[in-house]
Each structure stands twice: as C-alpha cells, then as structure tokens.
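Heads up: the sequence lines are chains D and P, in that order.
For what it's worth, my numbering labels the leading residue of the first sequence as 2, then goes sequentially.
For what it's worth, my numbering labels the leading residue of the second sequence as 2, then goes sequentially.
Backbone N, C-alpha and C fix where the C-beta goes; we use that ideal spot for every residue, glycine too.
Please read these numbers as outputs of a predicted model, since none were measured by experiment.
Down below is the structure, laid out as structure tokens.
Number of protein chains: 2
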Amino acid sequence: MDLQTPLIKDRNCSSCPIRHRAVCATCDDDEIVTLDAMKYYRSFDAGQPIMWAGDRMAFVGSVVSGTATIERLMEDGRKQTMGLLLPSDFIGRPGRDTATYDVTAITDVTLCCFRRDSFEKMVAQTPHISQRMLEMALDELDAARDWMLLLGRKTAREKIATFLMMIVRRSTEGEAVLTTGSKQITLPLTREAMADYMGLTLETVSRQFSKLRKEGMIAMDGKRDITIPDVEALQAETGSDLS
Amino acid sequence: MDLQTPLIKDRNCSSCPIRHRAVCATCDDDEIVTLDAMKYYRSFDAGQPIMWAGDRMAFVGSVVSGTATIERLMEDGRKQTMGLLLPSDFIGRPGRDTATYDVTAITDVTLCCFRRDSFEKMVAQTPHISQRMLEMALDELDAARDWMLLLGRKTAREKIATFLMMIVRRSTEGEAVLTTGSKQITLPLTREAMADYMGLTLETVSRQFSKLRKEGMIAMDGKRDITIPDVEALQAETGSDLS
DNA sequence: GCGCGGCTTTGTCTCAGGTCAAAAAAGGGA
DNA sequence: TCCCTTTTTTGACCTGAGACAAAGCCGCGC
Numbered sequence: 002m003d004l005q006t007p008l009i010k011d012r013n014c015s016s017c018p019i020r021h022r023a024v025c026a027t028c029d030d031d032e033i034v035t036l037d038a039m040k041y042y043r044s045f046d047a048g049q050p051i052m053w054a055g056d057r058m059a060f061v062g063s064v065v066s067g068t069a070t071i072e073r074l075m076e077d078g079r080k081q082t083m084g085l086l087l088p089s090d091f092i093g094r095p096g097r098d099t100a101t102y103d104v105t106a107i108t109d110v111t112l113c114c115f116r117r118d119s120f121e122k123m124v125a126q127t128p129h130i131s132q133r134m135l136e137m138a139l140d141e142l143d144a145a146r147d148w149m150l151l152l153g154r155k156t157a158r159e160k161i162a163t164f165l166m167m168i169v170r171r172s173t174e175g176e177a178v179l180t181t182g183s184k185q186i187t188l189p190l191t192r193e194a195m196a197d198y199m200g201l202t203l204e205t206v207s208r209q210f211s212k213l214r215k216e217g218m219i220a221m222d223g224k225r226d227i228t229i230p231d232v233e234a235l236q237a238e239t240g241s242d243l244s
Numbered sequence: 002m003d004l005q006t007p008l009i010k011d012r013n014c015s016s017c018p019i020r021h022r023a024v025c026a027t028c029d030d031d032e033i034v035t036l037d038a039m040k041y042y043r044s045f046d047a048g049q050p051i052m053w054a055g056d057r058m059a060f061v062g063s064v065v066s067g068t069a070t071i072e073r074l075m076e077d078g079r080k081q082t083m084g085l086l087l088p089s090d091f092i093g094r095p096g097r098d099t100a101t102y103d104v105t106a107i108t109d110v111t112l113c114c115f116r117r118d119s120f121e122k123m124v125a126q127t128p129h130i131s132q133r134m135l136e137m138a139l140d141e142l143d144a145a146r147d148w149m150l151l152l153g154r155k156t157a158r159e160k161i162a163t164f165l166m167m168i169v170r171r172s173t174e175g176e177a178v179l180t181t182g183s184k185q186i187t188l189p190l191t192r193e194a195m196a197d198y199m200g201l202t203l204e205t206v207s208r209q210f211s212k213l214r215k216e217g218m219i220a221m222d223g224k225r226d227i228t229i230p231d232v233e234a235l236q237a238e239t240g241s242d243l244s
C-alpha cells in the first residue's frame, strides 16, 4: 500500500522533517513531548480525498510529505483550486467542526494528525502554538490575496508565468536569492490541475506552455520537467506584482 | 474636516460600537482598560488612502465606522480588490512592518488604532487577543477562498448575484435566518469599485445590473438602492456554492 | 437655473480564452 | 514487447466579456 508508512510510524518529533516549519515550529521541548504523544500518522494515495467539504472534521494535521490541493466544486462540475498544501502546511481549522473545502492528495501524502478536540485544548493552553497558527494563517491569507489578483486580472500568459515563478521560488526556498540565469523545476500538477488552480481550461494551459516553449522562454524535458533559461525574462512576463 | 471625530475622541471602549465583534471582543475588563489607554482614533475622508503597499506600517487598527477596501494595483493600472473592510474588521499585520496592499477609504472611515510595536507586545502577552486574531484571520481566509471561486470560475451574472447576496447577508447579520421574500440593500460601492472587486469591467457590471433589472430579479431606486423581490430566486443565480 | 464633473448606461466591434473534437504522446502493467 | 489508459497537444470554431465611444443622469456650486 504505502511503503513509507512503516518508516514514519516510528519517527518521533525530534527527527521530523517539518519540525521547524510546521505548526509546532516554535514549541519548546516540553510541548513537543506532549504533541509527540498525541500525534498519529495517516497516509493517502495519490488521487485520494483527504477531506470532503461538508464532512465532519475529526482531525487536523500537517503535511509531512507529498502535495495536496484545497478545492471547491460547483454543482455543474466547475472546479477551483484555492491552494496547494506542501510539507509543513496545515490542514483543518480548530474551532470549526465541518470542512468548508475538499482536500485531495495529488501525490502520495503523509499527514501528522491530531484529534481535533485534543488539539483545540492544546491550542488554548499553548501560546506558542496559537501564535504560530496565527502567523501561518496570515501567510496563507497573503498568498490567497496574491492569487486573487492573478485570478481576477491576469491574462493566461501572465498566469502561467506567475505560476512557474511561484514554483521556482518554492523550490529555491532557503537557497540564495533567486538569481539571474537558468533554473530547473518539476511541475507538481497535471495540466488539468494547473488549469483548476489558475481559473483556465487545460487546453489553454497547454497552448500557453507550447507558446512559451516556441519562444524559448522555457524548455521541456518530458511533460513535467522544465528548464527556464532566463528566470528574469520569465519574471517580466508575470505582470510583475514585483514582490 | 470630519464632524464625527469630536464625538468619537471621547469615547471609551465600553461604549464602543464594535466592542464585541472586533479584535478585542473576548478581552476581559482588565485587558480592555489597557487597550483603552493605548488606543487612538484616526479619521479618513472618502477616497483617501489609509495605507500604501510598500509603506512602513506604523499602526494597526480596527474599522469603527465606514467602509474601506484592500486592493492591489498592477503597473499598467489594472486593479484587484481583495476584500472589503467593514466595522470591526482589522487592518494591518502584526509581525510585518511593511504593508503588502493598498487600503483605501471608500466612505468616510474612522479607525481605532494602536501603535504597531505596543500592539505586538500586547498580542504576545494576551492570549485573548491572539486567539481572537487567529479566529478573525481564519474567517478572512475562508472569505478569500470563497472569492477565489468567484474570480476563477463564475460568469459575470453569477458574480453579480453572488455579490448582491453577500451584501444581503451582511446587512442581515444578527437578524433571523435570511428568508424567502424581498429585501432592500444599499450598495456600498460604485460600479467601478464593484468591477475591481469581481474582476470585471465597470461596463460589464452595469450591463448585468440592467439585465437583472429587466428580468425583474432586482429593482433599482436610484443607483445605489436596490430591492430584491425574491431573494431565493437571486440565490439560484449565484452558481450556488450553497453555503 | 445653468453648467460642470463624476458616475452610469448603452451601442458596436473585437478578441482572448472557452468548447468540441481528434490525434499524438507517455506511461504502466502483464 | 504490446495494449490500454491517461494525459497532452493541436486544430477549428464560437462566445462572453473587454475596449472604445458616445450619450444620459445627477448632484452641486455659483
């Protein structure tokens, strides 16, 4: 089923890959001991739902590995993705017992989970956690607002360029400032999933990729691996909310 | 200049109209005394900027009266509004010293302000405040995500209907569940500001209003006052993320 | 009452991106 | 290896909403 599960089951928080970025980032050793005892891991295969809008949320948790999407479906099938969940991102909302959005694993995903009721108690007692949650919520709010500009005002070409630059930025995290020059990235999403994220159709996404390729703005090695020979040139195509 | 300022200057927190909804909602009496001593009011005329993206943010605060927008401008003048700020909504982000978005007063606005550094200290020491801030940030995140669905996937008609229903809901807050039947609302925005909020042009907004009027879905009394004879019929036009 | 400036409405034309359809690649078992 | 499925690309055509332009409306100051 999931070959990684056995490895992860034995892991304790001190060796956790997201220990210093997730909701527990600022917890001290005592607090981690408590969380360590409360936590449990769950795995989801690529394509599986993690949570349905309207469902009762029994747990909250952090993405340890893999990628998931937050999305919402309209009755007639139109879909909008509201966000990507990457390792260290948090799923669920303390204080709400019904999910508002669908969450779907798009690669194999492992979560570090807590029962919602005990997590809520922990939040109430642990300022380190509630402060970190606030910080993360505000970061997500900023990201959501940036994406609103993309969805509301950018052209298809600008959307694609912005998306690619976002991937570049994320895969550069922690490294030196993103320089001039070339960069390689691997797309975490299919054309359709990208379309749902950017408010386009998959055909338009595909056409824009082809166009950027013909213009030499990107080079494609297979469908998922992309080389950007000139990062600054691509940045110039984003409609530059500069940042 | 601003006729309301003198009245408000003397107000203390206990008689504040947003005392039980704003960031201070769950503070106890002692905490309110501290906030009361720290706070100061500022007024802005309609049209005035409250904050520019990129500026140093010296203060944070709550909207006491009036309406403001959070927005971002692209270099070529395209604008996207990311949110409306109504009484009790919070402006500013503790922990960040540079504003990420423009905030503009669209009616005369009064804010209850705190110097950012002292507010941050207060947040760190006062779980009631950080918990309330978290709650408010998560509510805003939900609202932002709902709006992403509108921006990315809804038609112009659905956008207008959704927007009108949002106004209905806000002006019904606290009253009985929104029933069948008719409802009157006053639009807080010009056609252009609505367009910027919904990712449309002002002409398209105007045309959709005309169409809804001809169909009898809405009746207009002047440009700003609208009667919705059948709220459920309008709801059916939203593309219904039901909620 | 008149004229001015800021909104709003309406008309006409255009085009970016959607829709529908089909072919081409890219896996991934067995 | 070959077959079958899923994903991607490309083409042809269509349409919803944008762009541009011109009136209409309304409130305000003089």
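| Asked | Found |
| --- | --- |
| Beta carbon of Ala-23 (chain P) nearer than 8 Å to that of Ser-89 (chain P) | yes |
| Contacts that Gln-81 (chain D) makes with chain P (C-beta to C-beta distance below 8 Å) | Met-149, Leu-150, Gly-153, Arg-154 |
| Partner residues on chain D for Gly-223 (chain P), Cβ-Cβ distance less than 7 Å | Result: empty, since nearest Cβ-Cβ is about 28 Å, beyond 7 Å. |
| Chain D within 8 Å of Glu-141 (chain P), Cβ atoms only | yes |
| For Ile-19 (chain P) and Val-65 (chain P), believed in contact at Cβ under 8 Å, the rounded distance | 6 Å |
| Ala-26 (chain P) and Leu-142 (chain D) closer than 8 Å at C-beta | no |
| Proximity test, Cβ basis, 8 Å: Gly-62 (chain P) and chain D | no |
| Contiguous alpha helix (DSSP H) assignments of at least 4 residues, all confined to the segment 7-74 of chain P | 30-39 |
| Proximity test, Cβ basis, 8 Å: Cys-135 (chain D) and chain P | Going by the sequence as given, residue 135 (chain D) is Leu instead of Cys. Yes, its Cβ sits closer than 8 Å to a Cβ of chain P. |
| With 16 other Cβ atoms within 10 Å as the buried cut-off, status of Pro-230 (chain P) | exposed |
| Residue-chain proximity (Glu-174 (chain P), chain D), Cβ-Cβ < 8 Å | no |
| Residue range of the unbroken alpha helix (DSSP H) whose run includes Met-199 (chain D) | 192-199 |
| Lys-122 (chain D), buried or exposed, once every other Cβ within 10 Å from all chains shown has been counted against 16 | exposed |
| Distance between beta carbons of Gly-62 (chain P) and Cys-17 (chain P), contact taken as under 8 Å | Not a contact, Cβ separation roughly 12 Å. |
| Alpha-carbon to alpha-carbon, Arg-192 (chain D) and Ser-207 (chain D) | 7 Å |
| Residue(s) in a DSSP beta bridge with Lys-215 (chain D) | BP columns for Lys-215 (chain D) are empty, so no partner. |
| Start and end residues, alpha helix (DSSP H) containing Asp-118 (chain D) | 117-126 |
| Cβ pair Arg-146 (chain D), Tyr-198 (chain P) closer than 8 Å | no |
| Ala-145 (chain D) - DSSP class collapsed to helix/strand/coil | helix |
| Thr-228 (chain D) - DSSP class collapsed to helix/strand/coil | strand |
| Arg-12 (chain D) at chain P interface by Cβ criterion, 8 Å | no |
| Whole-angstrom distance between Leu-150 (chain P) and Thr-239 (chain D), CA atom to CA atom | 21 Å |
| Ile-219 (chain D) and Thr-228 (chain D) closer than 8 Å at C-beta | yes |
| Beta-carbon proximity of Glu-159 (chain P) to Thr-105 (chain P), cut-off 8 Å | no |
| CB contact below 8 Å: Ala-138 (chain D) versus chain P | yes |
| Cross-chain neighbours of Pro-50 (chain P) in chain D, by beta carbon under 7 Å | What Pro-50 (chain P) touches in chain D: nothing, since even the nearest Cβ is about 18 Å away. |
| Extent of the continuous alpha helix (DSSP H) run through Ala-106 (chain P) | No alpha helix (DSSP H) contains Ala-106 (chain P), which is instead part of the beta strand (DSSP E) from 103-106. |
| Contacts that Gln-132 (chain D) makes with chain P (C-beta to C-beta distance below 7 Å) | Ser-131 |
| Test: Thr-6 (chain D) CB closer than 8 Å to a CB of chain P | Unreliable placement is indicated for Thr-6 (chain D), whose pLDDT of 41 sits below 50; the coordinate value is still reported in the next sentence. No, Thr-6 (chain D) does not count as interfacial toward chain P. |
| Close-in-space but distant-in-sequence residues of the same chain around Pro-50 (chain D) (CB under 6 Å, 5 per side omitted) | Thr-105 |
| DSSP-derived helix/strand/coil call for Gly-84 (chain P) | strand |
| Alpha-carbon spacing of Leu-135 (chain D) relative to Met-39 (chain P), whole angstroms | 22 Å |
| Status (buried if at least 16 other CB within 10 Å, exposed otherwise) for Arg-94 (chain P) | buried |
| Collapsed DSSP secondary structure at Lys-155 (chain D) in the structure displayed | coil |
| Where Ala-100 (chain D) sits in the DSSP three-state scheme | coil |
| Residue-level contact to chain D via CB, Ser-89 (chain P), 8 Å cutoff | no |
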